[in-house]
Amino acid sequence: MARPSITEALLRELPKTDLHVHLDGSLRPETLIELARERKVKLPAMSPAGLYKKVFKESYKDLPDYLQGFGYTTAVMRDAEAVERISYELCRDSQDEGVRYIEIRFAPQLCARPGFDVLDVLKATACGIERAEKEFNGRPEVRTGKEPPFRAGILVCAMRFFTEGFSPTYAELIAATSDLPREQIYGIASEAVVRSAIRARDELGLPVVGIDLAGPERGFPASTHRRAYELAHEAFLGKTVHAGEDYGPESIFQAITDCRADRIGHGTWLFQASRIEDRGIKNKRDYVQRLARFVAERRITLEVCLTSNLQTLPVISELRKHPFRKMLAERLSVTLCTDNRLVSRTTVTAEYQKAVEAFKIEPGALAHLLVYGFKRSFYPGSYTEKRAYVRQILDFRDEVFARHGFPAA
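Counting along the sequence shown from 1, when you hit position 30 you're at 35 in our numbering, and nothing is skipped either side.
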């Protein structure tokens, strides 16, 4: 009997997560065009093909080039109707490829304006999630318990760096605090968004499950946002930080120590001693070995975004050279994510297919890899509810493997 293979059909059907997906980087191109036309936002092109050619390209020069497109997406996300629609469509697109849990992250302060504040933005996002959940979870297969339901949470992003032009919210803040050092203003802004996240969860009952810190790492250390992360920690919010994406291993250490990160966004340069820039670190090889062990033993999950890394880090010339291979070999807690479905032109299924092909992942390893995302999620429910949900996912995963000719995982 021929040995079954890991096909795209299998990968689509298997239950998956997407713990690192930016709402403002994951619009449908048709939706972006329609909203831009209605809201009088000028785009470089008014067709999906044109946008893919001029903005959302297959490759980028670097991370700043990659981030240019967010100026267009956030510009159409400044009212409740648009935000709810984009959130709903992201959930539906995820459901259509077998994703059963996502954590939608974005900076609501980039969408806020007078009359539409951060809490309003989060309420609109939650409305989109709720509508998508009800539709999917109302299916007979889910209602009868034959398939696990779809769930989603919200991660609120603080920003390492911003200017007045980022949003009306930031323009107002900078005007009111112009006598303060810019680093202090960054910290004040982060504290404000964390307080809003806590209010959204505790007062409005929204599925806000954690916070994130996004933006350029070089020159904008995590320590600036220590107080904001203390507030999140005291409120029992999940904590993740973009780190080790465009800076070296010491950025990952800062995220873990200064921000008490439970997860790390990207973590690409975890093993790269050559990228350490801190002159106080004398034995660089020893440093990365100890750091990797620290991450492994504490099960600090790395949210790996393969396609995004290839687009923003030209030094990784091909996928097989990505450190994901070593992450697997070192038995780290890792989960594959899209980062941005539109900007990176990818899906969760595509990320898994690329990983299976480039790193020769066997069915058993794939089965374990799929589960990390569910186990290390900031699930919007009690611990007992999360355990029951993960158990349901495991059973369904094994059923899918069996239908495709594989023995139980």
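Ideal Cβ positions, reconstructed from N, Cα and C, are used throughout, including at glycine. Remember, predicted model here, so these are calculated numbers, not experimental data.
Just grab the DSSP bridge partners of residue i for me.
i, result
"Ala80", "Looking at the DSSP assignment, Ala80 forms no beta bridge with any residue, so it has no partner."
"Leu307", "Ile269, Val339"
"Ala297", "Answer by DSSP bridge pairing: none, since Ala297 is not bridged."
"Phe121", "Arg118"
"Phe111", "Val161"
"Val213", "Ile159"
"Val344", "Note on identity: in this sequence residue 344 is Asp, with Val being the wrong assignment. Answer is Val26."
"Ala227", "According to DSSP, which records beta bridges pairwise, Ala227 is partnered with nothing at all."
Looking only at its own chain, which residues have a Cβ that is under 8 Å from the Cβ of residue i, when we skip the five neighbours before and after it?
i, result
"Thr36", "Arg90, Ile91, Glu94"
"Cys116", "Asp29, Thr79, Met82, Arg83, Val88, Val126, Ser172"
"Pro119", "Pro173"
"Ile38", "Leu48, Met51, Ser52, Pro53, Leu56"
Can the beta-carbon of residue i be found less than 8 Å from the beta-carbon of residue j?
i, j, result
"Tyr377", "Val339", "yes"
"Ala360", "Phe411", "no"
"Leu24", "Glu308", "yes"
"Thr317", "Tyr71", "yes"
"Gly253", "Ile281", "yes"
"Glu188", "Leu236", "no"
"Arg223", "Asp251", "yes"
"Leu347", "Pro34", "yes"
"Lys331", "Phe258", "no"
"Gly229", "Tyr191", "Checking the sequence, you will find Thr at residue 229 rather than Gly. Closer than 8 Å, so yes."
"Pro212", "Gly133", "no"
"Val246", "Asp207", "no"
"Gly215", "Leu178", "no"
"Glu13", "Thr354", "yes"
"Val198", "Val123", "yes"
"Glu108", "Ser382", "yes"
"Lys287", "Ala278", "no"
"Met164", "Gly220", "yes"
"Cys227", "Ala260", "Residue identity check: residue 227 is Ala in the sequence provided, not Cys. Yes, the Cβ-Cβ distance between Ala227 and Ala260 is below 8 Å."
Looking at the structure shown, is residue i part of a helix, part of a strand, or coil, going by DSSP?
i, result
"Ile11", "coil"
"Cys116", "coil"
"Ala248", "strand"
"Arg105", "strand"
"Lys391", "helix"
"Lys289", "helix"
"Leu399", "helix"
"Leu275", "coil"
"Thr352", "coil"
"Cys70", "For clarity, residue 70 is Asp in the given sequence; the question names Cys instead. In the structure shown, Asp70 sits in a helix (DSSP, three-state: H, G or I)."
"Gly243", "strand"
"Ser21", "Checking the displayed sequence, the identity of residue 21 turns out to be Lys instead of Ser. In this structure, Lys21 counts as strand in the three-state DSSP scheme."
"Ala219", "strand"
"Ser183", "coil"
"Tyr65", "coil"
"Ser99", "helix"
"Arg206", "helix"
"Pro412", "coil"
"Tyr384", "coil"
"Asp283", "coil"
"Ile332", "Per the sequence shown, the amino acid found at residue 332 is Met instead of Ile. Three-state result, Met332: helix."
"His3", "In the structure displayed, the chain extends from 6 to 414; residue 3 sits before or after that span and is not available."
"Gly143", "coil"
"Lys47", "coil"
"Ser4", "Missing from the structure shown is residue 4; the chain here goes from 6 to 414 and no further."
Leaving out the 5 sequence neighbours to the left and right, which residues in its chain are closer than 6 Å to residue i when beta-carbon positions are compared?
i, result
"Arg156", "Tyr106"
"Ala129", "Ala85, Val88, Glu89"
"Arg304", "Ser338"
"Ala176", "Glu169"
"Phe364", "Arg330"
"Leu40", "Val81, Ala87"
"Ile11", "Val361"
"Ser64", "Gln316"
Sorted by chain position, which residues of the same chain lie with C-beta nearer than 7 Å to residue i's C-beta, five sequence neighbours on each side aside?
i, result
"Leu19", "Gly103, Leu375, Arg402, Val405"
"Leu315", "Ile321, Leu324"
"Phe111", "His27, Leu28, Asp29, Cys162"
"Glu239", "none"
"Leu399", "Val376"
"Leu32", "Thr78, Ile91, Leu347"
"Glu146", "Glu152"
"Pro9", "His409, Gly410, Phe411"
Could you tell me whether the Cβ of residue i comes closer than 8 Å to any Cβ of chain B?
i, result
"Ala227", "The chain inventory of the structure shown lacks chain B, comprising one protein chain alone."
Counting pairs of beta carbons, one from the segment 402-410 and one from the segment 267-287, are three or more of them closer than 8 Å? Remark: fewer than three beta-carbon pairs, one from each stretch, lie closer than 8 Å, so the segment 402-410 and the segment 267-287 are not flagged as touching.
Inter-stretch contact (C-beta, 8 Å, three-pair minimum) for the segment 59-67 and the segment 128-144: Segments in contact, no.
Should the segment 293-305 be regarded as contacting the segment 42-50, the criterion being three or more beta carbon pairs within less than 8 Å? Because the criterion of three Cβ pairs below 8 Å is not met, the segment 293-305 and the segment 42-50 do not touch.
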